[in-house]
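As structure tokens, the structure follows; a few thoughts come after it.
Written as structure tokens, this is what we have:
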């Protein structure tokens, strides 16, 4: 087991390093001068004196050859230092650390909503054998996938904040302000979960153990929840890793729509200000989330399916 | 996984080794990947097809309409998209202004029609970039194999671990804003997926008997790659390109909504919605109607793409 964990940790470290490198290559290697972009983005500072430009150049080692730049950046990365955000003049890690709890809360609530919504949609279609209602439900996931979250968010705002006045329109205050963004963020994910679960439920109905259960006289509802669901939920579990990544990406749009503070908003501001160190930090953060979530998913797998037990691996 | 053609009875493939002298390729791109045309062809005519799959026909018609908007916006737009009449500002939808007007009195419908041109061009460009770069990478990777293959696939894995929107944003940060850059950025985010699918199909195709036969007969590596492997491997990537259109529309309009697309006066679908944000309370149509057009376009593309993808298509 320890060997397995060590191997997984090494794989995770590799993904982090690779994401860092990918970000570095995109952000620093493309034919553009980072210092120039930074200066252009600060705009109002206008004609900086050459001394300051030289200092910035020295700080970011732009004039060094590529491998030296990369080495310096990598050494800092290993120490957990992503440099300072250009417009805000604060360490990137500090800014991300401040914003992370907001987005984590949003994503967690959105995830719960997505699982409940997608799961119940799939279970309902799995229970129904046919008819108009089932066809209607089956058409929902493709529809939900096709709705851009910025539009869904604005519609929800219009109806529930402005017409009905149930929820505050913007801001980070309290649970009430979390509901609409979380629902917006959850919709596309719920659709994906529903699609995958519907498919695997349908396949599982044909398994021998379901036939056995039916022959023993178990009701359709009991079979669905006791026998089929547990087996069919495995493929959706694999989705979770992808889903959380999508949540982070979705948060960029959703937090902008609802004017919330959070990691997604940081991304939007960083791109608008061409804040390269910040983007680099956020890319690594998304890879970190990906690695951690996949570790957790792999740890949960054996609990659901006793056939998958890493410790019994042949060595 | 979808497994188009190669092993179907219709495929004449394995028994006809095409010699170097007879370049008449046994399986052309038309007969190779089953693009789902057979089923509709079997019906007695168009009327039956419409009756059986009304959603698909409707989607195709709508797509055709939006495409003509994109190609010749001047014919469909009743007003100038950039010049408004201030006395008509913020009018709700009516007979003259189908989608209402914005805060400058510009006709929203005309702006949506003209927006189709910018947004769909960006989408098409994005898919093209992803398709060309991704499938060439996948083709090379699968065919060359060995260390090169390992290296490319590791890169693909890493790119797939970063959310697509974030990757696009990183590229936009460096390239700068604008429709063209957004299109390239969205395309870059799609490269990894194309590369992976292409490689899988190349690996399958190159073990076919006729490819081995061609190489045994002395056909060069590159020639055999292009003439024999590629036609068999390109099917699922083409279907993927069709499916990718929906994703690309979403990504392009999201980036445009965030304000990284064309600068203000130009109408893009995403930025039209974002301009309407300031009038959410007083003018619902400014956000709702352009968004509805985006949703309808995405639904239509996805429906048509799924019809092309019969391998996975259980369309009920």
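Chains as they are written, first to last, in our numbering: chain A, 1 to 315; chain B, 1 to 316. All C-beta atoms in this analysis are idealised placements derived from N, C-alpha and C, irrespective of residue type, glycine included. Note that the coordinates shown come from a computational prediction; the quantities given were computed from them, not determined experimentally.
query: From the beta carbon of residue 253 (chain B), is the nearest beta carbon of chain A less than 8 Å away?; result: yes
query: Can you list, in chain order, the residues of its chain whose CB lies under 8 Å from that of residue 289 (chain A), leaving out five sequence neighbours each side?; result: 244, 245 and 248
query: Looking at C-beta atoms only, is the number of pairs between the stretch 142-153 of chain A and the stretch 275-284 of chain A that lie closer than 8 Å three or more?; result: no
query: Just list the residues that DSSP pairs residue 91 (chain A) with in beta bridges.; result: A:84
query: Which residues in chain B have a C-beta closer than 7 Å to the C-beta of residue 75 (chain A)? List them in chain order.; result: By Cβ distance, chain B contributes nothing, its closest Cβ being about 20 Å from residue 75 (chain A), past 7 Å.
query: Using the C-alpha atoms, what's the distance from residue 191 (chain B) back to residue 130 (chain B)?; result: 4 Å
query: At what residues does the alpha helix (DSSP H) containing residue 114 (chain B) begin and finish?; result: 108-144
query: Roughly how many angstroms separate the alpha carbons of residue 223 (chain A) and residue 116 (chain B), rounded to a whole number?; result: 49 Å
query: To be precise: take each residue of the stretch 279-299 of chain B, compare its Cβ to all Cβ atoms of chain A, and keep it if any distance is under 9 Å. Which residues remain?; result: 280, 281, 284, 287, 288, 290, 291, 292, 294, 295, 296, 297, 298 and 299
query: Please tell me whether residue 227 (chain B) has its Cβ less than 8 Å away from any Cβ of chain A.; result: no
query: Within 10 angstroms of the Cβ of residue 184 (chain A), are there 16 or more other Cβ atoms? Answer buried if so, exposed if not.; result: buried
query: Is it true that the stretch 123-143 of chain B meets the stretch 196-204 of chain B, where meeting means three or more beta-carbon pairs spaced less than 8 Å apart?; result: yes
query: So for residue 101 (chain B), helix, strand or coil by DSSP?; result: strand
query: Exposed or buried, residue 139 (chain A), counting other C-beta atoms within 10 Å across all chains shown (16 or more means buried)?; result: exposed
query: With a 10 Å radius around its C-beta and 16 neighbouring C-beta atoms as the bar for buried, classify residue 276 (chain A) as buried or exposed.; result: buried
query: Rounded to whole angstroms, how far is the Cβ of residue 248 (chain B) from the Cβ of residue 126 (chain B), which I believe are closer than 8 Å?; result: 4 Å
query: Under the three-state reduction of DSSP, which class applies to residue 89 (chain B): helix, strand or coil?; result: coil
query: Which residues of chain A have a Cβ atom closer than 9 Å to the Cβ of residue 308 (chain B), listed in chain order?; result: Result: empty, since nearest Cβ-Cβ is about 15 Å, beyond 9 Å.
query: Do three or more CB pairs link the stretch 280-298 of chain B to the stretch 88-103 of chain B at distances below 8 Å?; result: yes
query: Please return the same chain residues whose Cβ sits closer than 7 Å to the Cβ of residue 111 (chain B), not counting the five positions on each side in sequence.; result: 81, 267 and 272
query: Cα separation between residue 30 (chain B) and residue 235 (chain B)?; result: Note that residue 30 (chain B) has pLDDT 37, beneath the 50 cutoff, so the model's placement of it is unreliable and no number is given.
query: Below 8 Å on C-beta distance, what does residue 164 (chain B) contact in chain A?; result: 249
query: Over the uninterrupted alpha helix (DSSP H) stretch that includes residue 201 (chain B), give me the two end residues.; result: 179-206
query: Under 8 Å, do residue 193 (chain A) and residue 115 (chain A) count as touching if we go by C-beta distance?; result: yes
query: So residue 251 (chain A) packs on residue 103 (chain A), CB below 8 Å; how close in whole Å?; result: 5 Å
query: Could you tell me which uninterrupted alpha helix (DSSP H) segments, each at least 4 residues in length, are contained entirely in the stretch 100-158 of chain A, listed from first to last along the chain?; result: 131-145 and 149-156
query: Given a threshold of 16 other Cβ atoms within 10 Å of its Cβ, counted over all protein chains shown, does residue 222 (chain B) qualify as buried or as exposed?; result: exposed
query: Starting from the Cα of residue 146 (chain A), find the closest Cα among B:307, B:305, B:308 and B:295 and give me that residue.; result: B:295
query: What residues from the stretch 8-31 of chain A come within 7 Å of chain E, judged by C-beta to C-beta, listed N to C?; result: No chain E appears in the structure shown, which is made up of the protein chains A and B.
query: What in chain A is Cβ-close to residue 246 (chain B), meaning under 9 Å?; result: 145 and 146
query: Is residue 186 (chain B) near residue 255 (chain B), with beta carbons less than 8 Å apart?; result: yes
query: Alpha carbon to alpha carbon, what distance is there between residue 305 (chain B) and residue 35 (chain B)?; result: Low local confidence applies: a pLDDT of 43 at residue 35 (chain B) is under 50, so the model's placement there is unreliable, and no value is given.
query: Within 10 Å of its beta-carbon, does residue 19 (chain A) have 16 or more other beta-carbons around it, so buried, or fewer, so exposed?; result: buried
query: Which residues, in order along the stretch 210-237 of chain B, keep a beta-carbon less than 7 Å from a beta-carbon of chain A?; result: none
query: I'd like to know whether the C-beta atoms of residue 172 (chain B) and residue 260 (chain B) end up nearer to each other than 8 Å.; result: yes
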